[in-house]
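Numbering (the UniProt record's numbering), first residue to last: 1 to 775.
Pasting the structure below:
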């Protein structure tokens, strides 16, 4: 089980959760304020969201380049915030050396925000742009629709995103409302601080006690009687894209509404092994994916939604899925302690692969690691048909759109069908199967790179050769063919996955030596015997993936297209294989088994070099906004050039955000970053705006690049040295687990930070000139 945090309350009333993690590559902080959209006054819809934005605009001690929003990215970190129904969270991640400086900035912006009127007017426009974006976001619309099926909490029916119309034109009045909301809720008695860092607990506690002193104290108002969620009507939502079924349960008991057991429930739900719920639903041709959504609504009550990506979006299909889910839920209380422990271990393994910041997010408002399963029976007891309401989402229903919670929803009543099918007896692990027969090893051997790498569980990684990229449609076939095998391997203590990282598809397997060899033998068998039914299933899955992309915001859709634009796929794919860790005997066995892999295995020397890429421009021009994505690939692949690119991106990113998002206020997205995609390094610019044309966005980017030529030429030696130190820190591996680290090592090809010593200003200017030759 995961190590629980040290939990304590300071004399100020601030709650602390401290995690000392000596293995963490970075440090992370998260502040939770127990006030969200449901707490804002009804006269000011979106006020909590607006305050979240305004706090990042500067504080009394840290303004301009020194504020958290500018300072963290400039030092190689990342940060964000989210306003939820009943809480607001602010978080950042940074290297350990600068962690205290980052925490001081976070505390000051929460304790003493500027809330300046000019910045307020700008952020109103930003939120209005975000509102227009969310009016097209499938998840936002579905969540608003599913809340219409429940009564009992008035705030659930209110508009909470905020927009220009809701905030009005009286900026002093709006600012006064912000200050009142901040004064009422942003105090120590209403806050919880999470810290996770490679520091001793005593040092973390001292850091928290010292740096949180500026936070105002306060008293939490006496809570009123806990409300109850009352299930009302089932709904159907007309929405383009992939159809889905959302089955939402009202949880009105405090133990049931807690998130403690959700990772165990999710591990069981995501199981794809034969006999599982998902295997049954796939075999019934009903759905291809499921996920959990937990929505806190008040103290002691929440909504828990099972979101199924379905095939047809019909009432009959929905009845089959509901019947299967309820039957599955009824069988969960009979799991043995060994079975619960098995699935909890699986879920916690997924948690441990997260970055420190994502681990804190999971603990604070996601799926926390399972440290005990005491709330498990209470949660299951609430997951009954009486607490359930349905939302069927498809594009086939004719319905007039109207504003609900300020969002355009085309809702009609949904009459649930009944399924007379008897749910199967599901199978749960661990199982005690007969030992497998001995493997027959081919006599031939295939090329297999080997990186003996300490005492780690061995990992085998296969990737397409750079000159023969794998298409996403081919990757869907791999995924379908290996899905149940991957689940079985996981149950036996290993891992098998087909994933895309850095725009490259990989097939990755890990486990002890016997399991790894057996897994590779089974992979060979399954990929050699692909029948028509499997190919048809894979094609349908790929088509559903394309449909699902229609529900994504435009900038994500364009980014997903970039790999195949840079490296058009080919039919005849060759693969390269690398073994990490293991011994000579395992290396030989895997090399022999790879000779039976149903595609050529080649060495890096056997393949042609990839062609130099040209700058890429992708765009989307719709009625509501315009989106532009620009990728400038690096032509010179030397270590110095690659380091110069990363340093340029580090210098450009905060300046680009400041210029386009803050000063020009183009809209919601103004992003610039180093980006590796399809074996090519480059700089990525992503912009999305409801006000600017595509040509304006392109012109603003060109003007910024021209401005940076002058600014970079004037960079002094101290600023350059500080930037190089920050880059050196970011070049250290940020992957926590070995599985992710091996993938990074093969695909990212991170340059050696030692070469930064020789990177001077003339070399940086030369890299800038070569990268942006057309500007």
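No residue lacks a Cβ here, since even glycine has one placed at the ideal position from N, Cα and C.
Contact check for residue 262 and residue 292: beta-carbon distance about 6 angstroms, within the 8 angstroms limit, so the pair qualifies. Between the segment 210–229 and the segment 522–533 there are fewer than three inter-stretch CB-CB distances shorter than 8 angstroms, so the stretches are not counted as touching. Residue 477 is positioned such that its CB atom lies closer than 7 angstroms to that of residue 538. Between residue 630 and residue 685 the beta-carbon gap is near 4 angstroms, inside 8 angstroms, which marks them as a contact. If you look at residue 683, you'll find it in the beta strand (DSSP E) that goes 680–689. Scanning 553, 541, 672 for the CA closest to the CA of residue 621 turns up 553. Per the DSSP secondary-structure output, residue 196 pairs in a beta bridge with 19, 28. Residue pairing of residue 294 in beta bridges, as defined by DSSP: 304. In the DSSP annotation of this structure, the continuous segment of the alpha helix (DSSP H) that includes residue 102 starts and ends at 99–111. Checking the DSSP bridge columns, you'll see residue 92 partnered with 29, 79.
Ranked by how close their Cα comes to the Cα of residue 353, the residues 742, 78, 747 have 742 in first place. In the three-state reduction of the DSSP assignment, residue 576 falls in the strand class, which pools E and B.
In terms of Cβ geometry, residue 192 and residue 217 do not form a close pair [threshold 7 angstroms]. Rounded to whole angstroms, the gap between the alpha carbons of residue 111 and residue 358 is 24 angstroms.
Assignment of beta-bridge partners to residue 150 by DSSP yields 231. Here DSSP, grouped into helix, strand and coil, assigns residue 744 to helix. In the structure shown, residue 379 adopts helical secondary structure according to DSSP, grouped into three states. Residue environment analysis places residue 528 among the exposed positions, since fewer than 16 neighbouring C-beta atoms fall within 10 angstroms of its C-beta.
Among the bridge pairs identified by DSSP, residue 497 is matched with 508. Non-local beta-carbon contacts of residue 698 in its own chain, meaning distances under 8 angstroms to residues more than five positions away in sequence, involve 617, 628, 630 in chain order.
Counting the other Cβ atoms within 10 Å of the Cβ of residue 717 gives fewer than 16, which makes it exposed.
Non-local C-beta neighbours of residue 637 in its own chain, meaning closer than 8 angstroms and more than five positions away in sequence, comprise 681, ordered along the chain. In the three-state scheme derived from DSSP, where H, G and I count as helix and E and B as strand, residue 215 is classed as coil. In the displayed model, residue 202 falls within a helix according to three-state DSSP. Shown here, residue 249 sits in a strand according to DSSP, grouped into three states.
Per DSSP, the unbroken alpha helix (DSSP H) holding residue 528 starts and ends at 513–528.
Cβ neighbours of residue 661 within its own chain (closer than 7 angstroms, five residues either side excluded): 670.
Between residue 432 and residue 547, the alpha-carbon positions lie close to 40 angstroms from each other. Counting C-beta pairs closer than 8 angstroms gives fewer than three between the segment 44–53 and the segment 91–111, which falls short of the contact rule. Contact between residue 581 and residue 452 is confirmed by a C-beta separation of about 7 angstroms, below the 8 angstroms threshold.
For residue 631, the beta-bridge partners assigned by DSSP are 616, 684. Taking all protein chains in view, the Cβ of residue 568 is surrounded by fewer than 16 other Cβ atoms within 10 Å, so the residue is classified as exposed. Taking a cut-off of 8 angstroms for Cβ pairs, the segment 267–285 and the segment 436–452 do not touch, as fewer than three such pairs fall below it.
Contact between residue 595 and residue 465 is ruled out by a C-beta separation of about 17 angstroms, above the 8 angstroms threshold. Proximity to residue 365 across 753, 36, 693 peaks at 36, based on C-alpha coordinates. The beta carbon of residue 524 sits closer than 8 angstroms to the beta carbons of 593, 596, 597, 598 from its chain, once the five residues preceding and following it are set aside; these are given in chain order.
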